[in-house]
Amino acid sequence: MGDRTLLLKEDFPVFKAYPGLVYLDNSATQQKPESVLRAVDNYYRQENANPMRGLYDLSMRATEAYEGAREAVRAFINAKSVSEIIFTRNATESLNLAAYSLGRSIVGEGDEILITIAEHHSDLLPWQLLAKEKGAKLRYLECDEEGLFTEEGLRAALTDRTKIFAFTHISNVLGRINDVKGFVKLCRENGTVTVCDGAQSVAHIPVDVRDLGVDLLAFSGHKMLGPMGIGVLYGREELLEKMPPFLSGGEMIEYVSRDSATYAPLPHKFEAGTVNAGGAVGLRAAIEYINDIGFDLITRREEELTRLCFEEMSRIPFVRIMGGRRAEDHCGIITFDIEGVHPHDVAAIMDSKEIAVRAGHHCAQPLHKHLGIMSSTRVSFAFYNTEEDVMRFIAALKQVRRMMGYGE
Amino acid sequence: MANNSFYNMILTDHNLHPAHKHGLECANFCHEGINPSCGDDIVLNLDIRDGVIRDGSYTGSGCAVSQASADIMLDLVIGKTVEEAAKISQDFMAMIKGEADEETLEQLDEAAALQDIAHMPSRVKCAVLGWHTLEELIKQSEEQ
Ligand SMILES: Cc1ncc(COP(=O)(O)O)c(C=O)c1O
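Each protein sequence line maps, in turn, to chains A and B. Position one of the first sequence corresponds to residue 406 (the working numbering), numbered consecutively onward. Position one of the second sequence corresponds to residue 31 (the working numbering), numbered consecutively onward.
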């Protein structure tokens, strides 16, 4: 086992450039395997033209590469049709698309939009703006101190005016996984559209949109081994058909006259302007890499690393882990605070030992406020991390308070 | 990768045992400084009379760099005239930009313990937070 994972790290050139690097900020963005870098490079060397626009061979090849990536994404999340896969820049753009297009068409004055208190700002601000614009009410579903949202809580929060429920699949702060299927069932019965933020789930566990039943799902390529600048919005076809375009311009129309236009069919209706074909090709390579090693291995490795880290951290005095009290409640993410030391100082000390961790509010200020803390430090794992990475982090963690002048 | 050995004794000591972190009843100038990237938040209180900073304090919370820097700053400016304080602040800013000479560093005394921050762009805002707030108060006092 140990050997196999050492080999996995070798697939990632960044660790050749920095052999001493302990990268524990995988929730922010993941490192890229050689195969992804090569796929992007190859696209621009051998297949580059403006997809969908040229009538010549090279442009058709670019179109094939781009649409092939769409099919890879469809299969990866088990969507019914490629019409349901919209390429965006990132999860943030996907969620904005959802709020502007879907939100503007179904939310009216006095209606309610429900989100959880654990949402990333990317799944909060678009809804906050929408609510302001429409005179609608933005309501929050609250969790207990372990980050748990319950079905009873949701049932109580849904009203006959709740048009949309937007929630994260896995919290980027607490690592807690939500019962998406249970949420969807309640929302269906209530006539509420579900928008799921999958930014922290798609790289770590198998995500099957038909099994989950969500109406919309947003995620970013860069958090799943792919390049930056490519993201996805999945949407149920019947819903996407009804939604008006988001951005407008080239490629998303069929016919334009001076005063009106007919829009291109799905998914191109939502993809205005020249697309990020290189990014899409890179994302396809990332999916192939994930499929190749398999979620059995990915999930198991991440669970092993999380458990080791969680247990070691639990033994260190002055360290307080946020969220669930069991390692299983932390899908690859452990956020903590050290008594008497500000998170930015923790991160700076870690950096001095070549350990990359995140400090701050992780774009989730309302959650921090809800849990009664100003800011925190976060470690997040990917399958290519090793036990040695964990133990170097733990060793550094034990020194933090002493380095900050506490004698113990 | 950065080698930040800047958590020296002077810095950690001012952070853990600040001399000037408390309220100040006699203060006639108060201003809040916020560094949103770090979440640092400082309220600086000064008692300025006849162009002299008679007393000063700060309250708030934040990372060790922001807190220690404010405490050291107050050590340096209490008892000084407003012009002298402004000059010290200029020198400090020069140091943080990596532009201070030996003589200036000597005059900055304990504040020179923060000179390595110049190599850490992400922490510069923490180090200068108190000083920016001081400059803001100096401006206010001059306008009166
Ligand atoms: C839960 C969650 N949602 C949304 C985002 C936004 O992702 P991006 O910045 O790639 O749009 C992130 C990542 O920062 C996240 O963790």
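Cβ coordinates follow ideal geometry from the N, Cα and C atoms, glycine included. Since the model is a prediction, treat every value here as computed from it, not as a measurement.
Item, Value
"Proximity test, K370/A beta-carbon vs ligand 1 heavy atom, cut-off 7 Å", "There is no way to answer for residue 370/A, as the model of chain A reaches only from 406 to 813."
"Every unbroken alpha helix (DSSP H) within the stretch 658–732 of chain A, with a cutoff of 4 residues, ordered by chain", "682–698 and 700–719"
"Within-8 Å CB hit, R806/A to chain B", "no"
"Contact set for M31/B: own chain, Cβ-Cβ below 7 Å, skip 5 residues either direction", "The pLDDT assigned to M31/B is 36, lower than 50, so where the model puts this residue is not dependable, and the model offers no usable value."
"Inter-residue spacing [alpha-carbon to alpha-carbon] between F651/A and W532/A", "15 Å"
"V254/B in three-state terms, based on DSSP", "Outside the displayed span of chain B (31 to 174) sits residue 254/B, for which this structure offers no information."
"Reference I726/A; option with closest CA among F417/A, F492/A and V578/A", "V578/A"
"Through-space distance from I168/B to E439/A, alpha-carbon basis", "56 Å"
"E550/A and L772/A closer than 8 Å at C-beta", "no"
"Where C592/A sits in the DSSP three-state scheme", "helix"
"Proximity of V825/A and G687/A at Cβ, strictly below 8 Å", "No information on residue 825/A is available, as it lies outside the stretch 406 to 813 that chain A covers here."
"Positions along the stretch 44–64 of chain B whose CB lies within less than 8 Å of some CB in chain A", "N45 and L46"
"Run of the alpha helix (DSSP H) containing I482/A, from where it starts to where it stops", "D462 to I482"
"Any chain A beta carbon closer than 8 Å to A94/B", "yes"
"Residues within the stretch 133–162 of chain B neighbouring chain A, beta-carbon criterion of under 9 Å", "M150, S152, R153 and C156"
"Complete alpha helix (DSSP H) runs within the stretch 94–126 of chain B (minimum length 4 residues, chain order)", "94–107 and 112–126"
"One or two residues paired with R544/A in a DSSP bridge", "L519/A"
"Residue-chain proximity (H526/A, chain B), Cβ-Cβ < 8 Å", "no"
"Beta-carbon proximity of L710/A to F786/A, cut-off 8 Å", "yes"
"Element boundaries [alpha helix (DSSP H), containing C60/B]", "Not the alpha helix (DSSP H): C60/B falls in the beta strand (DSSP E), residues F59 to N65."
"Close Cβ partners of K30/B (< 8 Å) along its chain, the five nearest in sequence each way excluded", "Chain B is shown only over 31 to 174; residue 30/B falls outside these bounds and no answer can be derived."
"CB contact below 8 Å: T89/B versus chain A", "no"
"Secondary structure of D620/A, DSSP reduced to three states", "coil"
"H50/B beta carbon near ligand 1 (any heavy atom closer than 7 Å)", "no"
"Check: N495/A C-beta below 7 Å from any heavy atom of ligand 1", "yes"
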